[in-house]
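Have a look at the structure below, then the notes.
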Amino acid sequence: MKKIYSVLVENRAGVLAKVAGLFSRRNFNIDSLVVGETDAHDVSCMTIVSSGDERTIEQIEKQLNKKLDVIKVKTFREADAIDRELMLVKVKYNKTNRRDIMENCEICHARIVDMSRGYMMIQICDTTEKVELFLQVLKGISIVEVARTGTVALQKCRENER
Amino acid sequence: MNGAQAMVKCLEAEGVERLYGYSGAAICPFYDALLSSKITPVLVRQEQNAAHMASGYARMKGRAGVCVVTSGPGATNLITGIATAFADSIPLVCITGQVVSSMIGSDVFQEADITGAVESFVKYSYLVRDAQDLPRIMKEAFYIAESGRRGPVLIDVPTDVMACEIKKYVYPDKVQMRTYKPTVEGNGAQIAKVIRELEKAERPIMCVGGGVALSGAIDEIRAFVRKYQIPVVSTMMGIGAMPSGDNLYFGMVGNNGRPYANRAVGESDLLLVVGARVADRAVNRPDLITENKVLIHIDVDPAEIGKNVGPTIPLVGDIRHVFRQIDKSEIHMKDHAAWINTLCEYRLRTQEVRAKAGKAYVDVRAFLETLSLRMDKNAVFVCDVGQNQIWSTHYFKVSEKGRFMTSGGMGTMGYAIPAAFGASQARPDRQTIALCGDGGFQMSMCELGTIAQYGGDIGIVILRNNTLGMVMETIHSLYDSRATMVDLGKDTPDYKKIAEAYGMGYEMLDGKGDMEQALYSFLHADGARILEVSVDPRDRV
Chain A
1 MKKIYSVLVE NRAGVLAKVA GLFSRRNFNI DSLVVGETDA HDVSCMTIVS SGDERTIEQI
61 EKQLNKKLDV IKVKTFREAD AIDRELMLVK VKYNKTNRRD IMENCEICHA RIVDMSRGYM
121 MIQICDTTEK VELFLQVLKG ISIVEVARTG TVALQKCREN ER
Chain B
1 MNGAQAMVKC LEAEGVERLY GYSGAAICPF YDALLSSKIT PVLVRQEQNA AHMASGYARM
61 KGRAGVCVVT SGPGATNLIT GIATAFADSI PLVCITGQVV SSMIGSDVFQ EADITGAVES
121 FVKYSYLVRD AQDLPRIMKE AFYIAESGRR GPVLIDVPTD VMACEIKKYV YPDKVQMRTY
181 KPTVEGNGAQ IAKVIRELEK AERPIMCVGG GVALSGAIDE IRAFVRKYQI PVVSTMMGIG
241 AMPSGDNLYF GMVGNNGRPY ANRAVGESDL LLVVGARVAD RAVNRPDLIT ENKVLIHIDV
301 DPAEIGKNVG PTIPLVGDIR HVFRQIDKSE IHMKDHAAWI NTLCEYRLRT QEVRAKAGKA
361 YVDVRAFLET LSLRMDKNAV FVCDVGQNQI WSTHYFKVSE KGRFMTSGGM GTMGYAIPAA
421 FGASQARPDR QTIALCGDGG FQMSMCELGT IAQYGGDIGI VILRNNTLGM VMETIHSLYD
481 SRATMVDLGK DTPDYKKIAE AYGMGYEMLD GKGDMEQALY SFLHADGARI LEVSVDPRDR
541 V
C-alpha cells in the first residue's frame with residue numbers, strides 16, 4: 001500500500017537527518033522525500049512517499065508524531081492527493097531528431113528551457129506517472145543527465161479545510 | 001553570568017542535588033561554575049557508568065538523573081548508558097561539552113558528532129548554538145525527560161557557548177513547545193469501553209510493565225487488582241509492581257518466564273496490558289495473542305500501542321492518571337474466584353526445576369530466595385544481565401515495599417553496580433544490594449573506586465562461575481555445546497584482594513559454607529562490601 005505523508009516540521013538544522021534516520025532505523029521504505037519551506041519561514045513541509053502493510057503505515061505516522069521536531073502529520077492515499085514532480089533532462093540532439101523531440105515535448109506539456117549547439121535541456125512538471133511516460137518517449141534519444149525532484153503533494157481541496 | 005553559570009543555575013532551579021560525570025577540557029567551564037553550587041558532583045571512573053548511576057538515581061528519586069561529561073570520547077563512552085536508559089524509559093538529562101562552535105565539523109581534537117550519534121536512542125537532543133537559549137533548553141530538557149514516556153535527553157554545549165555572557169538570565173516557568181504535548185489523561189470514551197469489557201470478562205488478567213513504577217502507579221495498580229480480584233503477571237521490567245508473594249501475582253511472562261504465567265495469559269479471555277511494550281521477550285507470537293481474547297493496551301506512548309500487536313481497545317495516557325480515572329466509576333465485575341483458583345492450581349502443580357548444584361557450589365535458587373527474605377523489607381535490589389538476571393526474576397522475592405531493578409530492554413551487562421550505587425545515593429535510608437555475575441562485575445569493577453571514594457553503602461553479590469553462563473546456555477541449545485568466548489579464566493581475579501584493594505568488606509560463600517551466617521554478616525555490615533558466591537558453571541536457568 002502506497003501512502004503520502006505531508007509532514008510539517010520545525011525548520012531547524014538536523015531535522016531532515018532525524019526524519020530520514022527514523023525511516024532507516026525502523027526499516028521503513030522511502031520511495032521519495034522532498035523538503036521545502038512553507039509560507040512560514042520557521043516551518044518546512046516534507047512530502048514523503050512510502051509503502052508498506054497497514055501496521056507499517058500506522059507505525060510510520062505514530063513514529064513521525066513522536067519526533068519532537070514534527071508539528072503535524074497528514075497521511076493520505078495517492079488518489080486523494082494532487083501530486084507533482086519536476087524533472088530536468090538534458091539530451092543530445094541532431095538535425096534529424098530535433099523536430100521529433102519538440103513535438104514530443106508539446107504532446108507531453110514539457111518545455112525546452114536551455115539549449116546549446118548539440119544539447120538541450122527539457123523541463124517537465126507533472127505526476128510521477130507522466131514524468132515516467134515522458135522518459136519512455138525520450139528513449140532512443142541520447143540522454144545525458146536527469147534530475148528529478150521526487151513527489152510533492154497536497155491533499156485535494158474539500159468543503160471544509162482547516 | 002556566563003553560559004556555564006547559567007547551566008548550574010538551571011540545574012539548581014530543577015532541584016538537582018547530585019550529578020555524575022567525568023571532566024575534560026571541553027566541560028571544564030561547567031565544573032568550574034559548579035564549584036559555587038551546593039550540587040554534589042560524583043566523579044566516576046568511566047562515563048558509561050555515569051549514565052547508569054544517574055539511571056539508578058532517577059529510578060529511586062522519581063526525577064531525571066543528570067550526567068555531565070566532556071566532548072569526544074567522554075560523550076561517546078556515555079552512549080551505551082543512554083541507550084540503556086532509552087530502552088527502559090528512564091529519565092536522564094545528559095550534558096556533553098563540545099569543541100568551540102567555529103571548529104565544529106573540522107574534526108579537531110576530541111570532537112564527536114554526539115547529537116548525530118545518539119539520535120536513535122534519545123528522546124530529544126540539542127546542540128546549543130546561542131548561549132541565550134540555555135535556560136529555555138535546560139527547562140525543556142527536564143520537561144521532555146520527565147513527562148510522557150520518560151527517556152534520556154542530551155544537551156551538547158560548545159565551550160564558547162559556556163563562556164559566553166548571558167544578557168538576562170530568566171529560568172522559564174513553563175515550557176512552550178508546539179510539537180510536544182504528551183497525553184496524560186485517558187480518553188473518557190475509551191475508558192468507558194475498557195470498563196464495559198472488564199465487566200464482561202470471566203477470565204481477566206493484567207500484565208504489568210515498567211510503566212507502572214515509572215508513572216508512580218504501584219499503589220493505584222495494587223488497589224485496583226485487589227479491589228476487583230484481577231490476577232496479575234508481569235514483564236521483567238514490571239517485577240515489583242506486585243509483591244512476589246501476593247496471592248494475585250503469577251510471575252513473569254515470556255520465553256524466560258514462568259510456564260504458569262504464560263498459561264494464564266493464554267487461557268484468559270481478557271488481557272489488560274499496562275505500561276508494557278508487548279516485546280519479543282515477553283510475548284512469543286504477538287500476532288496470535290488476540291485470537292481468543294480481548295486485548296486492552298494502556299500506555300503513555302501511542303506508538304507502542306499496535307506496534308507489536310493490534311489491541312481491541314487502545315487507551316493512551318499516564319498509568320497513574322488513567323487508573324485514578326477508572327477508579328471513579330463503579331465497576332460490576334463477574335466473580336473471578338474460580339479463575340484465580342485455577343491459576344493457583346497451575347502454579348502449585350508446576351514442578352520447580354531444582355538443578356542440583358555440585359557439592360562444592362552454592363544452590364543459587366535457595367541462595368536468592370534466602371537473600372531476598374533476609375534483606376530489609378524496603379530494600380532495593382538491582383540485578384545485572386545474564387543467568388543472574390533470570391534466576392533473580394524467578395527466585396528473588398520482592399516484598400511489599402521492596403524495589404527490583406535491572407536493565408530490561410537493552411540487557412546491558414555491568415549495569416547493576418553503578419545503578420545500585422546511584423540508587424543508594426538517592427535513598428541512603430534504604431538497604432541497596434547489587435547482584436551480578438563475574439562477567440558483569442568485571443565490566444564495571446572500576447567503579448569500586450568511585451564507591452569507595454564517596455563512601456558508598458552497598459552490598460555487591462558476585463555469582464562466580466568463571467563463565468559467561470547465559471551465552472553458554474545459548475551455545476548448549478543452538479551451537480552443539482561448542483564452547484567458545486565464554487571462559488573467564490580460572491580464579492582470576494582474586495575478589496578478596498580486589499575488595500581489600502578498595503578497602504571493602506569481603507565474604508565468600510561456597511557449598512560448604514553456612515549461607516545464613518554469610519548472609520547475616522554481609523547484610524548487616526556497613527559500607528561497601530562484596531559477597532562472592534561460588535555457583536556451578538553447569539547450572540542452567
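One line per chain: the protein sequences are A and B, in this order. Heads up: the first sequence runs through residues 1 to 162, numbered per this note's numbering. Heads up: the second sequence runs through residues 1 to 541, numbered per this note's numbering. All C-beta atoms in this analysis are idealised placements derived from N, C-alpha and C, irrespective of residue type, glycine included. Since we're looking at a predicted model, the values are computed, not measured.
The beta carbon of Glu61(A) is closer than 6 angstroms to those of Val73, Thr75 in its chain, skipping five residues each way along the sequence.
With a threshold of 16 other beta carbon atoms within 10 Å, Cys207(B) meets it and is buried. Separation of the CB atoms of Lys156(A) and Tyr119(A) is rounded to 39 angstroms, and the pair is thereby denied contact status at 8 angstroms. Annotation note: the region 69 to 117 of chain B contains the following uninterrupted beta strand (DSSP E) runs of length 3 or greater, listed N- to C-terminal: 92 to 98. In this structure, Val385(B) lies away from Tyr346(B), with their beta-carbon atoms at least 8 angstroms apart. When only Cα atoms are considered, Cys94(B) and Arg196(B) end up about 44 angstroms apart. Shown in chain order are the members of the region 46 to 61 of chain A whose Cβ falls below 8 angstroms from a Cβ of chain B: Arg55, Glu58, Gln59.
Contact between the region 35 to 47 of chain A and the region 152 to 165 of chain B is absent: fewer than 3 CB-CB pairs across the two stretches fall below 8 angstroms.
In the DSSP assignment, Ala525(B) falls outside any alpha helix (DSSP H), carrying neither H nor E. Minimum Cα-Cα distance from Ile205(B) among the listed residues Ile239(B), Gln190(B), Arg263(B) corresponds to Arg263(B). DSSP lists Glu165(B) as the bridge partner or partners of Asn2(B).
Restricting attention to Ala75(B), Asn292(B), Phe381(B), the CA atom closest to the CA of Ala25(B) is found in Ala75(B). The beta carbon of Glu185(B) does not come within 8 angstroms of any beta carbon belonging to chain A, so the residue lies off that interface. DSSP links Gln123(A) through a beta bridge to Leu88(A), Arg111(A).
Looking at Val471(B), Arg403(B), Gln48(B), Met103(B), the one whose alpha-carbon comes closest to that of Gly81(B) is Gln48(B). Burial is judged here by how many other beta carbons sit within 10 angstroms of a residue's own beta carbon; Gln176(B) has fewer than 16 and is exposed. Comparing alpha carbon positions, the residue from Glu132(A), Ile143(A), Gly52(A) closest to Gly150(A) is Glu132(A).
Between the alpha carbons of Cys108(A) and Thr128(A) lies a distance of about 13 angstroms. Taking the beta carbon of Ile71(A) as reference, the chain B residues within 7 angstroms of it are Arg178, Thr179, listed in sequence order. Against Ala303(B), the close residues of chain A are Gln59, Lys62, Gln63, Asn65, Lys66, in the order they occur along the chain (beta-carbon pairs closer than 8 angstroms). Taking one beta carbon from each stretch, the region 65 to 75 of chain B and the region 19 to 34 of chain B have 3 or more pairs nearer than 8 angstroms; the two touch. The Cβ atoms of Ile475(B) and Ile530(B) lie no closer than 8 angstroms to each other. Across the region 19 to 31 of chain A, CB contacts with chain B closer than 7 angstroms involve Gly21, Arg25, in sequence order along the chain.
Listed in chain order, the positions of the region 99 to 120 of chain B with a beta carbon within less than 9 angstroms of a beta carbon of chain A are Thr115, Gly116, Glu119, Ser120. The C-beta of Thr96(A) has fewer than 16 other C-beta atoms within 10 Å across all chains shown, which makes the residue exposed. With a threshold of 16 other beta carbon atoms within 10 Å, Leu19(B) meets it and is buried.
When DSSP states are grouped into helix, strand and coil, Val486(B) belongs to the coil group.
Under the 8 angstroms criterion on CB atoms, Gly306(B) is classed as interfacial with respect to chain A. Taking 8 angstroms as the CB threshold, Ile298(B) stays off the interface with chain A. Using a Cβ-Cβ cut-off of 8 angstroms, Ile144(B) counts as an interface residue toward chain A, since at least one Cβ of chain A sits closer than that to its own.
If only complete runs of 3 or more residues are kept, the region 320 to 371 of chain B shows no beta strand (DSSP E) anywhere. Counting C-beta pairs closer than 8 angstroms gives fewer than three between the region 406 to 424 of chain B and the region 486 to 498 of chain B, which falls short of the contact rule. Val273(B) and Ala282(B) have their C-alpha atoms some 11 angstroms from each other.
Annotation for Arg59(B): the continuous alpha helix (DSSP H) segment containing it runs 47 to 61. In the three-state reduction of the DSSP assignment, Met252(B) falls in the strand class. Per DSSP, Phe404(B) is not a residue of any alpha helix (DSSP H); the beta strand (DSSP E) it occupies stretches across 403 to 405.
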